[in-house]
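**Student:** I have a structure here, written as structure tokens, and I will follow up with some questions on it.
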Amino acid sequence: MKVTKNGLWGIVVLGICALVIVSSIFLPASAQARNIKVGIIDCYSGPPAVYGNDALNGFKMALESINKEGVLGGKIEFTTRDTKFKVDIALNMAKELVLNEKVDILVGTINSAAALAVSKTIAKEQKIPFIVWISKDEKITGAEGHRYVFSTAENTAMAGKAGGVGLAKKPYKKYWIAGDDYAYGHAIADGAWRNLKALKPEVEKIGESGGK
Numbered sequence: 003m004k005v006t007k008n009g010l011w012g013i014v015v016l017g018i019c020a021l022v023i024v025s026s027i028f029l030p031a032s033a034q035a036r037n038i039k040v041g042i043i044d045c046y047s048g049p050p051a052v053y054g055n056d057a058l059n060g061f062k063m064a065l066e067s068i069n070k071e072g073v074l075g076g077k078i079e080f081t082t083r084d085t086k087f088k089v090d091i092a093l094n095m096a097k098e099l100v101l102n103e104k105v106d107i108l109v110g111t112i113n114s115a116a117a118l119a120v121s122k123t124i125a126k127e128q129k130i131p132f133i134v135w136i137s138k139d140e141k142i143t144g145a146e147g148h149r150y151v152f153s154t155a156e157n158t159a160m161a162g163k164a165g166g167v168g169l170a171k172k173p174y175k176k177y178w179i180a181g182d183d184y185a186y187g188h189a190i191a192d193g194a195w196r197n198l199k200a201l202k203p204e205v206e207k208i209g210e211s212g213g214k
């Protein structure tokens, strides 16, 4: 995952906007005069926490400003859970937030595998809106999307296409494709090559590393 701090905070601001819009759509009229409870599941320990903490800090800053005016007659309050970058923990934390804490909306996470699992197992089944603010797997709102999941970040299909278009402008004919050896890296590398090949059929892939 490659996210700049400015880009990350932009994603978070979009997430807050999405939160307000989703609240107005999914919450019943009787609930719109009370506080909206948000459950944030993300990674707050280990190396990936740099992204989770930055996103949370941006969320807090934006929320402070928004709550001065109020949202739908109430304010937005939130609680967090640390997924430790593990899918099973993310599922357990999301389930706890929905069933025990009675949150109205789920938000998270930097882990695409966790986002997909929470989306399919918790958000869809419990009919709880889930705003994905950093994860980039295109399946989240694509092949495995549904009416309760939303994304505020560009996905792997968009990034892969941008990479392919950029490479197509270069004069090179032979390529070695290298990507990070996990789902996100595979998707970006595959997408970039697929789009490059569509734009310049004459290019040749002489090898690859870090892929499937």
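Numbering (the numbering used here), first residue to last: 3 to 214. For each residue, glycine too, the CB sits at the ideal point set by N, CA and C.
Among ASN37, ILE91, LEU93 and ASP90, which one has its Cα closest to the Cα of VAL219?
**Tutor:** Any question about residue 219 goes unanswered here, given that the chain covers just 3 to 214.
**Student:** Using a 10 Å radius around the Cβ and a threshold of 16 neighbouring Cβ atoms, would you call ASN157 buried or exposed?
**Tutor:** Burial call: buried.
**Student:** Taking C-alpha atoms, which residue in TRP135, GLY166 and LYS163 lies nearest to VAL151?
**Tutor:** With distances taken between Cα atoms, VAL151 lies closest to TRP135.
**Student:** Since ALA170 and LYS202 are thought to touch, with beta carbons under 8 Å apart, how far apart are those beta carbons, to the nearest angstrom?
**Tutor:** Yes, they are in contact, since the Cβ atoms of ALA170 and LYS202 sit about 5 Å apart, within 8 Å.
**Student:** Can you tell me whether LYS153 is buried or exposed? The criterion is at least 16 other CB atoms within 10 Å of its CB, across all chains shown.
**Tutor:** First, the residue type needs correcting, since residue 153 is Ser and not Lys in the sequence shown. Under this definition SER153 is a buried residue.
**Student:** At which residue ranges does the stretch 141-199 contain complete alpha helix (DSSP H) runs of 4 or more residues, listed in the order of the chain?
**Tutor:** Fully enclosed alpha helix (DSSP H) runs of 4 or longer: 158-170.
**Student:** I'd like the list of long-range same chain contacts for ALA117, defined as Cβ closer than 6 Å, with 5 residues on each side in sequence excluded.
**Tutor:** Excluding residues within five positions, the ones whose Cβ falls inside 6 Å are THR111, VAL134, SER137 and ILE142.
**Student:** Short of 7 Å in beta carbon distance, which residues of its chain neighbour GLY76, apart from the five on each side in sequence? Order them along the chain.
**Tutor:** Excluding residues within five positions, the ones whose Cβ falls inside 7 Å are ALA35, ARG36, ASN37 and ILE38.
**Student:** Would you call TYR53 buried or exposed, if buried means 16 or more other Cβ atoms sit within 10 Å of its Cβ?
**Tutor:** TYR53 comes out buried.
**Student:** Per DSSP, what are the beta-bridge partners of LYS39 in this structure?
**Tutor:** LYS39 is bridged to GLU79.
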